[in-house]
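**Student:** Note that our numbering gives residue 134 to position 6 of the sequence shown, counting from 1, and the numbers run on in steps of one.
Each residue gets a CB set at the ideal place from its N, CA and C atoms; glycine is no exception.
Below are the structure tokens for one structure; questions will follow.
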Amino acid sequence: MRILILNGPNLNLLGKREPDVYGSRSFEDYFAELKLLFPEIQLEYFQSNHEGALIDKLHEVGFSADGIVLNAGAYTHTSVALADAIGAITTPVVEVHISNVHKREAFRHHSYIAPKCAGSIVGLGLEGYRLAIEWFILKKNV
Ligand code: DQA
């Protein structure tokens with residue numbers, strides 16, 4: 129089973145960026161733990177600050193991977209192009225947000241990508257990524 133974690137803009141700064149909102153752990157550190165937790169899964173990780181690079185990655189893996197866990201960062205709230213890319217691929221996508229976007233500024237309450245995703249996990253910290261992977265595993269075994 130092959131799952132891609134795709135992180136969007138500014139998420140390369142996890143651990144340093146607004147630790148009160150996003151925590152003090154880097155994603156690389158958390159990803160190493162995920163790999164140990166799911167040794168049977170072919171887990172891949174890609175991060176970009178560029179909208180087009182995220183779209184290219186969705187096109188590249190979106191017809192072959194079993195699942196994509198996507199934190200599109202601020203592009204969540206702005207990008208019709210990312211929503212279209214998710215709609216164009218066959219691999220199911222789960223949207224994850226570390227913070228509870230609904231408790232934050234109004235502009236974070238709307239997600240262009242949510243209607244194209246299988247579901248969304250919001251506000252559960254980094255554990256949202258693990259829960260999304262567990263959902264893909266459950267779904268595969270039903
Ligand atoms: C985020 C929430 C977005 O509103 C924000 O722009 C981010 C991170 C989250 O994981 O909580 O960059 O996606």
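1) Within 8 Å, do at least three Cβ pairs link the stretch 213 to 230 to the stretch 172 to 191?
2) For Leu252, which of Lys267, Val221, Asn199 has the nearest alpha-carbon?
3) Can you have a look at Glu168 and say buried or exposed, based on whether 16 or more other CB atoms are within 10 angstroms of its CB?
4) Pull the bridge partners of Glu223 from the DSSP assignment, please.
5) Are there 16 or more other CB atoms within 10 angstroms of the CB of Leu141, so buried, or fewer, so exposed?
6) Would you be able to state if there are at least three C-beta pairs under 8 Å between the stretch 158 to 174 and the stretch 236 to 244?
7) Within 10 angstroms of its Cβ, does Gln170 collect 16 or more other Cβ (buried), or is it exposed?
8) Excluding the 5 residues preceding and the 5 following Ala207 in the sequence, name in chain order all residues of the same chain whose CB lies nearer than 8 Å to its CB.
9) Measure the CB-CB distance between Leu182 and Leu134 and report whether it falls below 8 Å.
10) Please report the residue range of the alpha helix (DSSP H) in which Arg258 lies.
11) Pull up the distance between the alpha-carbon of Ile311 and that of Ala213, whole angstroms please.
12) Closer than 6 Å by C-beta to Val224: which residues in its own chain qualify, once you throw out the five before and the five after it? Chain order, please.
13) May I ask you to report which of helix, strand or coil DSSP gives Tyr173?
**Tutor:** In short, the structure shows the following:
1) Contact between the stretch 172 to 191 and the stretch 213 to 230 is present, because at least three Cβ pairs lie under 8 Å.
2) Asn199
3) exposed
4) Leu198, Ser248
5) Under the 10 Å beta carbon count, Leu141 is surrounded by fewer than 16 other beta carbons and is classified as exposed.
6) no
7) Taking every protein chain shown into account, the CB of Gln170 has fewer than 16 other CB atoms within 10 angstroms, so this residue is exposed.
8) Going by the sequence as given, residue 207 is Ser instead of Ala. The beta carbon of Ser207 sits closer than 8 Å to the beta carbons of Glu179, Ala200, Tyr240, Ile241 from its chain, once the five residues preceding and following it are set aside; these are given in chain order.
9) yes
10) 255 to 269
11) The requested residue 311 does not occur in the structure, where the chain is confined to residues 129 to 270.
12) Val197, Asn199, Ile249, Gly256, Tyr257, Ala260
13) strand
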